[in-house]
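Student: Provided herewith is a single structure, encoded as structure tokens, for subsequent inquiry.
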Amino acid sequence: METGVACFARATILPSVASQHTTSSFASPRTISPSFTTRSLKSSSLFGEALRVMPRSSLKVSKSQNSSIVTKCEIGESLEDFLSKATPDKGLIRLLTCMGEAIRTIAFKVRTASCGGTACVNSFGDEQLAVDMLADKLLFDALTHSHFCKYACSEEVPELQDMGGPVEGGFSVAFDPLDGSSIVDTNFTVGTIFGVWPGDKLTGVTGGDQVAAAMGIYGPRTTYVIAIKGFPGTHEFLLLDEGKWQHVKETTEISEGKMFSPGNLRATFDNPDYDKLINYYVKEKYTLRYTGGMVPDVNQIIVKEKGVFTNVISPTTKAKLRLLFEVAPLGLLIENAGGYSSDGTQSVLDKVIVNLDDRTQVAYGSLNEIIRFEETLYGSSRLKSVLIPLQELIAMETSNRLMMQESKSSKWTREQNKWFESALAIFDTETPDRWSNVAALVPGKSEFEVRQQYEELKADINNIEAGLVPDPGYFTFKSELLQDRRFNSFGSRLFRSRSLDHERRKGIPWTEDEHRRFLMGLQVHGKGDWRNISRNFVVTKTPTQVASHAQKYFARQHADGKEKRRPSIHDITTVHLPRTTSFSGDMDKSSPLMVNTPNNGINIRVYNSGLFFQPTRYQVQG
124 METGVACFAR
134 ATILPSVASQ
144 HTTSSFASPR
154 TISPSFTTRS
164 LKSSSLFGEA
174 LRVMPRSSLK
184 VSKSQNSSIV
194 TKCEIGESLE
204 DFLSKATPDK
214 GLIRLLTCMG
224 EAIRTIAFKV
234 RTASCGGTAC
244 VNSFGDEQLA
254 VDMLADKLLF
264 DALTHSHFCK
274 YACSEEVPEL
284 QDMGGPVEGG
294 FSVAFDPLDG
304 SSIVDTNFTV
314 GTIFGVWPGD
324 KLTGVTGGDQ
334 VAAAMGIYGP
344 RTTYVIAIKG
354 FPGTHEFLLL
364 DEGKWQHVKE
374 TTEISEGKMF
384 SPGNLRATFD
394 NPDYDKLINY
404 YVKEKYTLRY
414 TGGMVPDVNQ
424 IIVKEKGVFT
434 NVISPTTKAK
444 LRLLFEVAPL
454 GLLIENAGGY
464 SSDGTQSVLD
474 KVIVNLDDRT
484 QVAYGSLNEI
494 IRFEETLYGS
504 SRLKSVLIPL
514 QELIAMETSN
524 RLMMQESKSS
534 KWTREQNKWF
544 ESALAIFDTE
554 TPDRWSNVAA
564 LVPGKSEFEV
574 RQQYEELKAD
584 INNIEAGLVP
594 DPGYFTFKSE
604 LLQDRRFNSF
614 GSRLFRSRSL
624 DHERRKGIPW
634 TEDEHRRFLM
644 GLQVHGKGDW
654 RNISRNFVVT
664 KTPTQVASHA
674 QKYFARQHAD
684 GKEKRRPSIH
694 DITTVHLPRT
704 TSFSGDMDKS
714 SPLMVNTPNN
724 GINIRVYNSG
734 LFFQPTRYQV
744 QG
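Here my numbering = 1-based position in the sequence shown + 123.
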């Protein structure tokens, strides 16, 4: 018999199967033979339900061999389409599909079972099994038909069961077949929980080792909630009338919200810290949402994207929840959805599963709720000491992103550059709050932007002078003309900007006048400050051109007589200044130096001020 994915469905909703059978044996499920075969579909009966077996080739799987997932899953798509995008592992796809079909059948059994005491009887009267044992049987059978499950165990059968799957490329599954089975008779929502681990081990592993976790919720609607390790979000699928699963919700963030589900409240009697936590929820007017079933109480955190679930122990009330079957799988569902989990000191996904029956206390919820849980019960929180509070982190990331976008998108105008360079001359490196003061003088620019501009200009100048990059063509002003060294108002400053009509082009020989201006600038600013020499003296040349000219000039001075047979402007080594004071490096930087520049005969008093290595201030004389 060809095997494949086991799909459980009511025989009465399979007209295609009935039409292919030669007899009308579908009048009652009890008349189904133990096994029958159709032309393209094989089936057997299980608990009065038809078991369809589809060929493995019918599954849609991802062809990608890359473990990184870039495909976006869309709301409204089928379970098969979602899984083919969420994971390239065909075995995992088969297993999750089989479990989904088992959950579909369990939903039908829960809806139609008439429960009394410990046993539930279906409408046909042929099933004398407790409903949780019935669910247990269906899930084990589904894992067998997946052909990729090596070992499985459940709360009802807490021993490893060999399911016949491979070790290499196979999985081990632990599940709670019907969480909340004690409240089935009250018609409360109940559910199935399971976790999937790679290989053949369910002990000596952690919840973080799971490759997938899921839960089925049997309420007014039947939903299948899945989390796959490495794939973002926790995803909800709705069971449609035609028996298909449809993707209806994706949860990627658990936000703050005043909703709490306090389990094991009897522990507040002799656990004062838990009592304090519950009183906090009441005092702060949290909304109580507790059903007595762990599945619906945890699921509402994922669906509502807020809230907290707690189940705490005390000296007289020991831990009840099982780490392997309940706590770890739900931990992956919550943390994949953007929430957090804790046993009081660590994430439940970090707890090592020593025994199949290990039990623990637990809390699930948003970041701040888990921090509050840990601090109230144990005095401190690992999350608070390790993580920046979520609100600050979001604010910081948003601020940085906006500043980077603003920096990349906003260009500096010529006028802003003029104001910027002027402000740098006014507020030197010794000025307190220098960048906020500079930003105040540059219209439309923030403190972050002016500081970034300064650092970029410094780097550019170094690269230009080293000949690493071509001159970017900065727009600069010729000089700052200060009417008073102690000027008190911005309006008192006059600016003489370089003429924008005059473009400094490459390939034009240096004139004697330009060379003399170069020598003058060399005496004032010194060797290496090509930017200020270009800006304040040889305004017709770029800093790169000035640097190139300087290289030739100094090479000429060290050349022997043979290389000087032809005259050159580089032979001019002196410039006639109106003052004979030398430009020695040990001169008083605070005293002004009078130089006669070629700038329309204006006498400029030079002050060393620290702008761009050896920046200078200028004051008009006369």
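Don't be surprised by glycine CBs; every beta carbon is placed ideally from N, CA and C.
For P419, count the other beta carbons within 10 Å of its own beta carbon; 16 or more makes it buried, fewer makes it exposed. Which is it?
Tutor: Translated into the one-based positions of the sequence shown, residue 419 becomes position 296. It is buried - the Cβ of P419 has at least 16 other Cβ atoms within 10 Å.
Student: In whole angstroms, what is the alpha-carbon distance linking G248 and D264?
Tutor: The residue labelled residue 248 in the question sits at position 125 within the sequence shown. The residue labelled residue 264 in the question sits at position 141 within the sequence shown. Caution applies to G248, whose pLDDT of 47 falls short of 50 and renders its modelled position unreliable; the value that the coordinates give is listed next. Each residue's Cα considered, the two are about 22 Å apart.
Student: Rounded to whole angstroms, what's the CA-CA distance from F294 to S489? Just pull it up for me.
Tutor: Indexing the sequence shown from 1 puts residue 294 at position 171. Indexing the sequence shown from 1 puts residue 489 at position 366. Distance between the alpha carbons of F294 and S489: 30 Å.
Student: Roughly how many angstroms lie between the CA atoms of A230 and K443, to the nearest whole one?
Tutor: Translated into positions along the sequence shown, residue 230 becomes position 107. Translated into positions along the sequence shown, residue 443 becomes position 320. Going from the Cα of A230 to the Cα of K443 covers about 25 Å.
Student: Going by DSSP, what residue range makes up the alpha helix (DSSP H) through A265?
Tutor: Looking up residue 265 in the sequence shown gives position 142. From DSSP, the alpha helix (DSSP H) with A265 extends over V254 to S269.
Student: Pick out the complete beta strand (DSSP E) segments inside the segment 301-340, 3 residues or longer, and give them in chain order.
Tutor: 313-321
Student: Starting from P452 and walking both ways along the alpha helix (DSSP H), at which residues does that stretch end?
Tutor: Here the question's residue 452 lines up with position 329 in the sequence shown. Run containing P452: A451 to N459, per the alpha helix (DSSP H) assignment.
Student: Tell me the rounded alpha-carbon separation between P666 and I656.
Tutor: For this step, residue 666 is matched to residue 543 along the sequence shown. For this step, residue 656 is matched to residue 533 along the sequence shown. Rounded to whole angstroms, P666 to I656 spans 8 Å at the Cα level.
Student: With E278 as the anchor, note down where its alpha helix (DSSP H) starts and where it stops.
Tutor: For the purposes of this step, residue 278 is identified with residue 155 of the sequence shown, where counting begins at 1. No alpha helix (DSSP H) contains E278, which DSSP labels as neither H nor E.
Student: Distance, Cα to Cα, N540 vs L564?
Tutor: Residue numbering aside, residue 540 sits at position 417 when the sequence shown is read from its first letter. Residue numbering aside, residue 564 sits at position 441 when the sequence shown is read from its first letter. So the alpha carbons of these two residues sit roughly 11 Å apart.
Student: Measure the C-alpha to C-alpha separation of A548 and K675 and round it to an integer number of angstroms.
Tutor: As a first step, residue 548 must be located in the sequence shown, where it is residue number 425. As a first step, residue 675 must be located in the sequence shown, where it is residue number 552. Rounded to whole angstroms, A548 to K675 spans 31 Å at the Cα level.
Student: Beta strand (DSSP E) containing K568: first to last residue?
Tutor: Walking along the sequence shown from the start, residue 568 turns up at place 445. Boundaries for K568: no beta strand (DSSP E) harbours it, and the DSSP string shows neither H nor E there.
Student: Could you give the distance in angstroms between the alpha-carbon of G331 and the alpha-carbon of L472?
Tutor: In the sequence shown, the residue the question calls residue 331 occupies position 208. In the sequence shown, the residue the question calls residue 472 occupies position 349. Cα to Cα, the separation comes out at about 5 Å.
Student: For my contact list, V233 and V307 are in at a C-beta cut-off of 8 Å; report their separation, rounded to the angstrom.
Tutor: Translated into positions along the sequence shown, residue 233 becomes position 110. Translated into positions along the sequence shown, residue 307 becomes position 184. Between V307 and V233 the Cβ distance is about 7 Å, and since that is below 8 Å, they are a contact.
Student: What's the C-alpha gap between G649 and K507?
Tutor: Residue mapping note: residue 649 aligns to position 526 of the sequence shown, counting from 1. Residue mapping note: residue 507 aligns to position 384 of the sequence shown, counting from 1. Distance between the alpha carbons of G649 and K507: 55 Å.
Student: Could you check if G454 is buried or exposed, using at least 16 other CB atoms within 10 Å of its CB as the buried criterion?
Tutor: By 1-based counting over the sequence shown, the position of residue 454 is 331. Classification of G454: buried, given that the 10 Å Cβ count is 16 or more.
Student: Can you give the Cα-Cα distance for A337 and Y403, rounded to whole angstroms?
Tutor: Counting from one through the sequence shown, the residue named residue 337 turns up at place 214. Counting from one through the sequence shown, the residue named residue 403 turns up at place 280. Roughly 32 Å separates the two Cα atoms.
Student: Which of the three DSSP states, helix, strand or coil, is assigned to Q284?
Tutor: Along the sequence shown, read from residue 1 onward, the residue named residue 284 stands at position 161. Correct three-state label for Q284: strand.
Student: Determine the extent of the beta strand (DSSP E) in which G386 is found, giving its start and end residues.
Tutor: Reading the sequence shown from its first residue, position 263 is the one you call residue 386. That run of the beta strand (DSSP E) goes M382 to G386.
Student: Okay, do the segment 408-426 and the segment 360-367 touch, 3+ Cβ pairs below 8 Å being the bar?
Tutor: no
Student: What are the residues that DSSP puts in a beta bridge with F298?
Tutor: Taking the first residue of the sequence shown as position 1, residue 298 is located at position 175. Paired residues: S277 and F317.
Student: Starting from the C-beta of L283, find all residues in its chain whose C-beta is less than 6 Å away, skip the five residues before and the five after it, and write them out in chain order.
Tutor: Your numbering for residue 283 matches position 160 in the sequence shown. So the list reads Y274 and C276, once near-sequence residues are dropped.
Student: What's the gap between the Cα of L446 and the Cα of I316?
Tutor: One-based indexing of the sequence shown puts residue 446 at position 323. One-based indexing of the sequence shown puts residue 316 at position 193. When only Cα atoms are considered, L446 and I316 end up about 12 Å apart.
Student: DSSP has I351 in a bridge; who is on the other side?
Tutor: Against the sequence shown, residue 351 aligns to sequence position 228. Paired residues: A335.
Student: Can you tell me the Cα-Cα spacing of A209 and L301, whole angstroms?
Tutor: As a working note, residue 209 is residue 86 in the sequence shown. As a working note, residue 301 is residue 178 in the sequence shown. Spanning the two alpha carbons is a distance of roughly 27 Å.
Student: Could you name the residues of the same chain whose beta carbon sits closer than 8 Å to that of K352, not counting the 5 residues immediately before and after it, in chain order?
Tutor: Reading the sequence shown from its first residue, position 229 is the one you call residue 352. The residues are Q333, V334, A335, L455 and N459.
Student: Have a look at D466 and C272 and give me their C-alpha separation to the nearest angstrom.
Tutor: Counting from 1 along the sequence shown, the entry for residue 466 is found at position 343. Counting from 1 along the sequence shown, the entry for residue 272 is found at position 149. Between D466 and C272, the alpha-carbon positions lie close to 29 Å from each other.
Student: According to DSSP, is R679 helix, strand or coil?
Tutor: Against the sequence shown, residue 679 aligns to sequence position 556. If DSSP states are grouped into helix, strand and coil, R679 belongs with the helices.
Student: CA-CA distance, T499 and V431?
Tutor: Stepping through the sequence shown from its first residue, residue 499 is reached at position 376. Stepping through the sequence shown from its first residue, residue 431 is reached at position 308. When rounded, the distance between both Cα atoms is 14 Å.
Student: Taking the beta strand (DSSP E) that N434 falls in, what are its first and last residues?
Tutor: On the sequence shown, residue 434 is found 311 positions in, with the first residue counted as 1. Per DSSP, N434 belongs to the beta strand (DSSP E) from V431 to N434.
Student: In angstroms, rounded to a whole number, what distance separates the CA positions of G461 and T375?
Tutor: Stepping through the sequence shown from its first residue, residue 461 is reached at position 338. Stepping through the sequence shown from its first residue, residue 375 is reached at position 252. C-alpha separation (whole angstroms): 5 Å.
Student: Considering only residues of the same chain and omitting the five flanking positions on each side of T267, which have a CB-CB separation below 7 Å?
Tutor: As a position in the sequence shown, residue 267 is number 144, starting the count at 1. Taken in chain order, the residues that qualify are M286 and G287.
Student: So the candidates are T468, N478 and Q484; which of them puts its Cα closest to the Cα of S503?
Tutor: As a first step, residue 503 is located in the sequence shown; it is residue number 380 there, counting from the start. Taking only the C-alpha atoms, the option nearest S503 is T468.
Student: What separation, rounded to the nearest whole angstrom, lies between the Cα atoms of L325 and V296?
Tutor: In the sequence shown, residue 325 corresponds to position 202, counting from 1. In the sequence shown, residue 296 corresponds to position 173, counting from 1. Approximately 8 Å between the Cα atoms of the pair.
Student: By the DSSP assignment, the alpha helix (DSSP H) with G223 in it spans what residues?
Tutor: Start at 1 with the first residue of the sequence shown, and residue 223 comes out as number 100. Residues K213 to T235.
Student: What's the call for P452, buried or exposed, on a 16-neighbour Cβ count within 10 Å?
Tutor: Numbered from 1 along the sequence shown, position 329 holds the residue referred to as residue 452. Buried, since its Cβ has 16 or more Cβ neighbours within 10 Å.
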